[in-house]
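K.L.:
Got a structure for you, written out below as structure tokens; questions coming shortly.
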Amino acid sequence: MVLTLVRYIREKGMKPGDKLPSIRTFATELGVSQSQVRSGCLRAAAMGVLKIVPRSGCYLADVTLSGIIGPFTLLFEAMYMNVQPPLIDLYELKTTLERGIAKRVAVIRTIEDLAELKRLLDAMETATEHAEMVRLDELFHEKLASSTRNPLFFSLMQVIHSMLRQSRLSYKDFVSEFPQSRKDHRALYEALRDQDALKAGDIAEQHSNRRKLLLVKNY
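The numbering of the sequence shown is the UniProt record's numbering, which starts it at 1 and goes up by one.
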């Protein structure tokens, strides 16, 4: 119902501060029950999309980009709350994102970005526990995402990692294949350092595709 409300708001071109129709009017217009509308409004208010004023009604909140990232990720995760996340779909999304992320970071990365990536690479060299390897791998890719200066990239990467984590922790060959991952990460780091956007994009895509094929095959 929340998505229906958001779609309605967008289609009507509503702006922050605009009042939504009454629950009865809304239910009639959308062809749903009043209880569904009421529940949707309460959830939207909890997510910061709407503001409910007692004895007055529901108003569209002044939502900024930073303010919608949390609700956006929650909605994304909720899609697969009761089902096994589709590994192939997730990795196809991850591969597409990471190629674009790598190309962008190669152009705008800072010395500080490179230093943090290098610190994570060095930590990977001494990691011996499966869970620690997964954690460092996630941190490396999330650092890449945050280096784009686009919070949606970072948010999406966190969601993808959350949904892939259990399969990666259950994958018995993750440890034995980690040296190849470290090698890929080093090559990507060097391309970013040299500001070679095309090479960085290619390495990121190949790395993600390799993980996809191995995980899907063995999970």
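For each residue, glycine too, the CB sits at the ideal point set by N, CA and C. The structure presented is a predicted model; accordingly, all values stated were derived computationally and were not measured.
So the candidates are Q166, S167, L3, N209; which of them puts its Cα closest to the Cα of K47?
P.N.:
First, the amino acid is wrong: residue 47 is Met here, not Lys. Comparing Cα positions, the closest option is L3.
K.L.:
Check whether the Cβ atoms of L97 and L156 sit closer than 8 Å, and answer yes or no.
P.N.:
Yes.
K.L.:
DSSP state of G201, grouped into three classes?
P.N.:
Note: G201 maps to helix in three-state DSSP.
K.L.:
Can you grab the Cα-Cα spacing for the pair I108 / R99, in whole Å?
P.N.:
Approximately 15 Å between the Cα atoms of the pair.
K.L.:
Along the chain, where does the beta strand (DSSP E) that runs through V2 open and close?
P.N.:
Taken as a continuous stretch (DSSP letters only), V2 belongs to no beta strand (DSSP E), being part of the alpha helix (DSSP H) at 2-11.
K.L.:
For A102 and G201, which I take to be in contact (beta-carbon distance under 8 Å), what is that distance rounded to the nearest angstrom?
P.N.:
Indeed, because the Cβ distance is near 5 Å, the residues count as touching under 8 Å.
K.L.:
Evaluate residue 222 with the Cβ neighbour count: other Cβ atoms within 10 Å of its Cβ, from every protein chain shown; 16 or more gives buried, anything less gives exposed.
P.N.:
In this structure the chain extends from 1 to 219, so residue 222 is not present and cannot be described.
K.L.:
How many Å lie between E132 and S181 at the Cα?
P.N.:
Rounded to whole angstroms, E132 to S181 spans 14 Å at the Cα level.
K.L.:
Please determine, among M124, T148, P54, Q158, the residue with the shortest C-alpha to C-alpha distance to K183.
P.N.:
Closest by alpha carbon: M124.
K.L.:
Under the assumption that I160 contacts L90 (Cβ atoms under 8 Å), give the Cβ distance between them as a whole number of angstroms.
P.N.:
Yes, they are in contact, since the Cβ atoms of I160 and L90 sit about 6 Å apart, within 8 Å.
K.L.:
What three-state label does DSSP hand Y59 in the structure shown?
P.N.:
DSSP places Y59 in strand when its eight states are reduced to three.
K.L.:
Check this for me: beta carbons of F140 and H185, under 8 Å apart or not?
P.N.:
Cβ atoms of F140 and H185: closer than 8 Å.
K.L.:
Which whole-angstrom value is the C-beta distance of A106 and D196, which I expect to be below 8 Å?
P.N.:
Yes, A106 and D196 are in contact; Cβ-Cβ is about 6 Å, under 8 Å.
K.L.:
Does the Cβ of R211 have 16 or more other Cβ atoms within 10 Å, making it buried, or fewer, making it exposed?
P.N.:
Looking at its Cβ environment, which holds 16 or more other Cβ atoms inside 10 Å, R211 is buried.
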